[in-house]
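Engineer: First the structure, then my questions, so here it is.
Residue numbers (the numbering used here), protein chains in the order written: chain U, 31 to 420; chain W, 31 to 420; chain V, 31 to 420; chain G, 31 to 420.
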């Protein structure tokens, strides 16, 4: 019970804030965890910003060189919450140093990087996880339980998902790092399509082949003034090329025969963080919408005649729903940040147990394989088989 | 199969249109009815208007004196769809003439009238019905079946209903007949509260005692220009007193111990025909909203742990849902007017069988007894026991 | 006003019932139409069945040979509501006879047939329409008005639609004519995908290229006992091959640059007639769900800061919403069958005016061109350019 | 910036957990607060339990005598989260000791106690607040802003609210302290009706007169085994009397003429923490449901014709919505516990500024005056004027 796990967090932006909160909160709500978390070091490139983050988010010390964090003897866990172009290098170094590694999604910029990370993780024997936090929305975790228990029947027919945001609709929104391929890897694809691919894999199974299209609606945008939150256009009115996708839409097949239809967009005006999926099996269906994240809609063919319909389950039951006994009475909702607390709780348990914890780097690499297949498909205007990652 | 029932309809406004449609439609969708309806005569006060209605709504002849209709030997059914101040006199005459009578709700202006109508109906032995058409919304009929079958459990705890419209919010809406007590009897009370009282009686049981308040928010309105549709203010800017309620809100107790909470208003801005009710039993709950009238939400305490929630039943299943086998495939919705077709189908069957059909004049009178108790309660600022109507 | 249009209806099944109702109802609710409809003849293959339909649906005479109907001098309008394999031949004959033609969707079994029908229609100069009735759901007609008025902005980014039903989930549902290619042309594709393709074309514009997949989940089904409603398996337990698609999922591009993502399935367990679409423009978005067909959700980027969101418009306003002044007060809902009444009203007006009325056979043929491109794409596993239909 | 405020928290149950979390979180998300919170002491009656709470919730020391906490020189703020029977005594002592006081709702067991607390607070000059946390749900805070800004118009017509839970439906749920009048003061009334009364006062104004009924559906329940969470019946099967209400339903009038209709119940089967209210003004309406707490539905009469409807505002906009800039991007939801963080942030600011902060003890006492009036009304079956609290 008195074991301590000391965390070094790299990144102090949006994910730094969300992760820090989860590290701080997890022991307060998961009292039976076998280890106490210590927020040992947070790391960012700019000294002033990282010191602000340290103080605000509750870390013991601030660092500006991630190599120091990775090498520090008083760090057990390295949490990588930086831009996608840095994940691979950092993870390799952290794993080489014997640290447990939690890495934000997407695991890397491309499949080659992801494979290197997976190989390193296996070599090291360390606990590794990619932070697909939406798996641990209680409603999603419940969906998984239900599917595993056969409540949707023996055959899944459809996985139909859409992840829509709208923050790029305005053509004057500036070209931040997220809109440049060499920094972000991709656009809506890596940022949000990755999430629904992971949910599809988690809930339905492996994806076999894909055919997709990626679009960039606005080809040029004002250059961004560095360091502004929210992002502002730089003075002078110069523009730069957008080199990532604004939206991606694709169809595919799961290994088990289910049809896949997914779309991710930053141009879904009015949709803020609208992750919806519907899964149709031969005995049941599920529907989820993140903007109503405490609920899961479940249709069961087994209900009595005339009483069938989608049941609106408020997933807040302490006895019956995943993770809920840690929190509040029924009907007292959870929010976005709780998905990280749940993820980190399971991660801590795994680190303490030296046991694997999903989604592993294998999951991250397989997600990346699907993503790369979609990209190849879009570029080549053809169906592409998802490369195997073993 | 070849029996014919000849209808005389009194009234050619909104209800004339809705009833005419149902008379025309009913045999086309209820082929097994033992009688064919004939739209024999429609009656209104103004010759030109009634002739227009006759032609448009499909009646054989137009009349301007309701006594002619009531006395006509070629009329079997008298359908009263006129203003509330005329129901009693017309019904008495029609019953005396041996006609089957279908009367719009509220049955009368007051309980005394309603009692007279009930007595006359009993004396005559004719089939009589008050047109509380919302009982035969398939979702409501299903609710009734479920409650009767015990799906809500042995004890009902709450009937919580609201009927909100918003057509009086504008203070310049003119003072039509509906806003004058001597013509309408009451305002929101008789027009829409009557409907939810009837639903409460139909679904939960008799109401024992009540305590309510009635309000008239706008005390004076522009005089109405006669005959304008939609209503227009008369030139000259003169105003007249509003002598009926704009809204009524009340609490009460059912004989079976359930608590009643009802509200009816014409000032529910944004609500158009928003009839909602929730019924909470000790084993199940129901929720209904007329603006989504093809659905019934059902919560069952018997569902499996972790799978409980309100099930959104789309009440369009041909095999399992009341009235639905006459219409379209599942998911192909019905609308407002179908409630009249269902009502008239059951009425025709009853007339052919010389059998009672709910809601009878007894139901209409009991509804009126509740209404009168609410009025007395509001005037006297006290609880009032609902008078017995046997 | 006294002009008469005499209709001959071919087909007496589900569509026969829906169309007959609309022919009967249209003059009652659209009083200003310049012609009175007469239900002159209904035609079906089986004498007993068509006589039953004649009597039930209100037609003057029954016919068993469609050629008689098409040739009859007392018929002005031929309404084709039969199986897809007969549309072309019947329409050609009717047009040759100088009749106005209303044909159920999909216009034909394939593009070649559709082109022939279009050419014949143009040659004849007769008024012709394909019955994509969902265009005239008031909410859809409103969506069209809004888009035309620029309320969604200058650029449409996404048309994301799904049409899900679930009547084939049970593998023991028998192999009716709808599951055989030579009779139906295709499965979910022609039956329901056709509808959302038409909605996409109506609302967003022409579709340029497509890439899709079609699946048949259940390859064999019990043979159907002829003439059973609902369909029953024949005795003996023999099975037959299903030769049409159970589901189709596809992506594509509109000529105006919008992305298309559509899916149609008969395996969407729990979905009955679930036509949903979302359209995202750069100033507004729309969402529609047929199972809630009286509503349209509208997001406007022009709303005040902090007040933005999807507005749930109940499309029942007599003054402001298409077709609604013919019906009932606000909040009194319409249903499925009203879509046909609206369609036929516009058709009658057009026939009287000898004016074109959308969707014309050109629309039907263009819809068919998209459908055929999706089929070719699915068969060849490739992107396909939609053939031009001029 | 470096000021420190040291908190002593009395109570270590559900509210202890929720409050502790907020004290821990507030400085991390409200960086501009002028004081840092220290979780100095937590107090409970049982040494083992309070030590567990101390450790789990992050407090510096554990106490078992609340008088020690109240008197401690190193405590600036006393947070009272205990049973209702103790609020008065503790608050009086804390105020006498010069502490700022935050007290859970309902403020006291009755109006007399509440008046004493209010007088003491005024005498002391200390900052005092009653923890009606639901005022600071962002959607509720937005509702308040909108009403204050006149977006609902000059006249409010209706406040229609229901707070339904269902944890007492099972008659075998044991008789905990919450079901005994001498400990809890009342049942659903003080526990949840208090919340919607406070919301009514906050949003619409003072309530002038009331008429209500209170019911106890299950008069006896199994005795509770002490200390069990969730509560268990004691062995032996003995029962005890339930001396509080299970449900309360009432009508009333606001000073500004609006009609009030409220209901609070623990027998609303299927409803978990279902706080709903609708407010109808003459220019706008609002609807809120706590089980969908990140949203506010707003109908504006000012919207364009044909575009009116309830707008579903997702209240997560950093720029435009109360409290949201502290948290996550749009569409990333908040939960129940955030209401406390917002409340405490405003309280800390007020303590630092020595300024009043709503809801004050005056608000708490006025809420109690309404509650007591409802109780008197129910007991006497009559309308009761709400006593003035100045």
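Note that the Cβ used here is the ideal one computed from N, Cα and C, for glycine as well.
1. Classify residue 399 (chain G): buried if its beta carbon has 16 or more other beta carbons within 10 angstroms, exposed otherwise.
2. What is the DSSP secondary structure of residue 33 (chain U), reduced to helix, strand or coil?
3. Does residue 401 (chain V) get closer than 8 Å to chain G when you measure Cβ to Cβ?
4. Under DSSP, the alpha helix (DSSP H) around residue 356 (chain W) begins and ends at which residues?
5. Checking contacts by CB at 8 Å: is residue 281 (chain U) closer than that to chain V?
6. Decide if residue 212 (chain V) is buried, meaning its Cβ has at least 16 other Cβ atoms within 10 Å, or exposed.
7. Residue 96 (chain W) lies in the beta strand (DSSP E); which residues open and close that run?
8. Could you pull the start and end residues of the beta strand (DSSP E) that residue 105 (chain G) belongs to?
9. Assuming residue 299 (chain G) contacts residue 310 (chain W) under a Cβ cut-off of 8 Å, what Cβ separation, rounded to an integer in Å, is found between them?
10. Whose Cβ in chain U lies nearer than 8 Å to the Cβ of residue 243 (chain V)?
11. Just confirm the distance between the C-beta atoms of residue 301 (chain U) and residue 413 (chain V), as a whole number of angstroms; I'd bet it's less than 8 Å.
12. Determine which residues share a DSSP beta bridge with residue 415 (chain W) and list them.
13. Under 8 Å between beta-carbons, which chain G residues line up against residue 340 (chain V)? List them in chain order, please.
14. Tell me which same chain residues have a C-beta within less than 6 Å of the C-beta of residue 375 (chain G), skipping the five on either side of it?
15. Kindly list, in the order they appear in chain G, the residues whose Cβ is closer than 9 Å to that of residue 302 (chain U).
16. Which first and last residues belong to the alpha helix (DSSP H) in which residue 145 (chain V) is found?
17. Would you say residue 316 (chain U) faces chain W, with C-beta separation under 8 Å as the test?
18. State buried or exposed for residue 62 (chain U), treating a residue as buried only when at least 16 other CB atoms are found within 10 Å of its CB.
19. At a CB-CB cut-off below 9 Å, which residues of chain G make contact with residue 298 (chain W)?
20. Which one of W:49, W:337, W:359 and W:361 has the shortest CA to CA distance from residue 350 (chain U)?
21. Using a Cβ-Cβ cut-off of 8 Å, state whether residue 193 (chain W) counts as contacting chain V.
22. For residue 209 (chain W), which residues from the same chain have a beta carbon less than 6 Å from its beta carbon, with the 5 sequence-adjacent residues on both sides left out?
23. Looking at chain W, is there any beta carbon in it that lies within less than 8 Å of the beta carbon of residue 328 (chain U)?
24. Could you give the DSSP three-state label for residue 407 (chain V): helix, strand or coil?
25. Evaluate the contact criterion for the segment 144-160 of chain G versus the segment 382-394 of chain G: three or more CB pairs, one atom per stretch, below 8 Å.
26. Below 6 Å CB to CB, which residues in the same chain sit around residue 31 (chain U) once its five sequence neighbours on both sides are set aside?
27. What distance in whole Å lies between the Cβ atoms of residue 404 (chain G) and residue 280 (chain G), which are believed to be in contact at a cut-off of 8 Å?
28. At 8 Å on the CB atoms, spell out the chain W contacts of residue 44 (chain G), in chain order.
29. Look at the alpha carbon of residue 395 (chain U) and the alpha carbon of residue 144 (chain U), and state the distance between them as a whole number of angstroms.
30. Could you say if the segment 116-127 of chain U and the segment 61-81 of chain U meet the contact criterion of at least three C-beta pairs nearer than 8 Å?
31. May I ask you to report which of helix, strand or coil DSSP gives residue 175 (chain V)?
32. Return the chain-ordered ranges of every alpha helix (DSSP H) run that is complete within the segment 320-383 of chain G and spans a minimum of 4 residues.
33. Is any beta-carbon of chain G found at less than 8 Å from that of residue 87 (chain U)?
34. Scan the segment 50-70 of chain V for residues whose Cβ lies nearer than 9 Å to a Cβ of chain W and list them as they occur along the chain.
35. Can you tell me whether residue 249 (chain W) is buried or exposed, with buried defined as 16 or more other CB within 10 angstroms of its CB?
36. Cβ of residue 341 (chain V) within 8 Å of Cβ of residue 327 (chain V)?
Structural biologist: With the given structure in hand:
1. Label assigned to residue 399 (chain G): buried.
2. Three-state DSSP puts residue 33 (chain U) in a strand.
3. Residue 401 (chain V) does not count as touching chain G.
4. Counting along the chain, no alpha helix (DSSP H) covers residue 356 (chain W), and no H or E run does either.
5. Chain V, which has a Cβ nearer than 8 Å to the Cβ of residue 281 (chain U), makes this yes.
6. Residue 212 (chain V) is exposed by the Cβ-count criterion.
7. Annotation: residue 96 (chain W) is outside any beta strand (DSSP E); the continuous alpha helix (DSSP H) that includes it extends over 96-101.
8. No beta strand (DSSP E) contains residue 105 (chain G), which DSSP labels as neither H nor E.
9. By a beta-carbon distance limit of 8 Å, residue 299 (chain G) contacts residue 310 (chain W). Their separation comes to about 5 Å.
10. Per Cβ cutoff of 8 Å: 241, 281, 283 and 289.
11. Between residue 413 (chain V) and residue 301 (chain U) the Cβ distance is about 27 Å, and since that is not below 8 Å, they are no contact.
12. W:239, per the DSSP bridge assignment.
13. Near residue 340 (chain V) (Cβ distances below 8 Å), the residues of chain G are 341 and 342.
14. Result list for residue 375 (chain G): 56 and 60, in chain order.
15. Going along chain G in sequence order, the residues near residue 302 (chain U) (Cβ under 9 Å) are 344, 346, 347, 359, 360, 361 and 362.
16. Per DSSP, residue 145 (chain V) belongs to the alpha helix (DSSP H) from 141-154.
17. Cβ-Cβ to chain W under 8 Å: no for residue 316 (chain U).
18. If you draw a 10 Å sphere on the C-beta of residue 62 (chain U), you find fewer than 16 other C-beta atoms in it, and that means exposed.
19. What residue 298 (chain W) touches in chain G: 187, 188, 190, 308, 310 and 315.
20. Distance from the Cα of residue 350 (chain U) is smallest, within the candidate group W:49, W:337, W:359 and W:361, for W:337.
21. By this cut-off, residue 193 (chain W) is not an interface position.
22. Here the set comprises 272 and 274.
23. Contact of residue 328 (chain U) with chain W is assigned, a C-beta pair being separated by under 8 Å.
24. Helix.
25. Touching, per the Cβ criterion.
26. At residue 31 (chain U) the pLDDT is 46, less than 50, meaning the model places this residue with poor confidence and gives no usable figure here.
27. 5 Å between Cβ atoms; contact.
28. Ordered by position in chain W, no residue passes the 8 Å Cβ test against residue 44 (chain G), which lies about 22 Å from the chain.
29. So the two alpha carbons sit approximately 5 Å from each other.
30. The segment 116-127 of chain U is not in contact with the segment 61-81 of chain U.
31. DSSP places residue 175 (chain V) in helix when its eight states are reduced to three.
32. Counting only runs of 4 or more, we get 368-383.
33. So yes, residue 87 (chain U) belongs to the interface.
34. For the segment 50-70 of chain V, which is checked against every Cβ of chain W, the residues closer than 9 Å are 50, 51, 54, 55, 57, 58, 59 and 61.
35. Exposed: under 16 other Cβ atoms inside 10 Å.
36. Yes; because the gap between Cβ atoms is below 8 Å, this pair is in contact.
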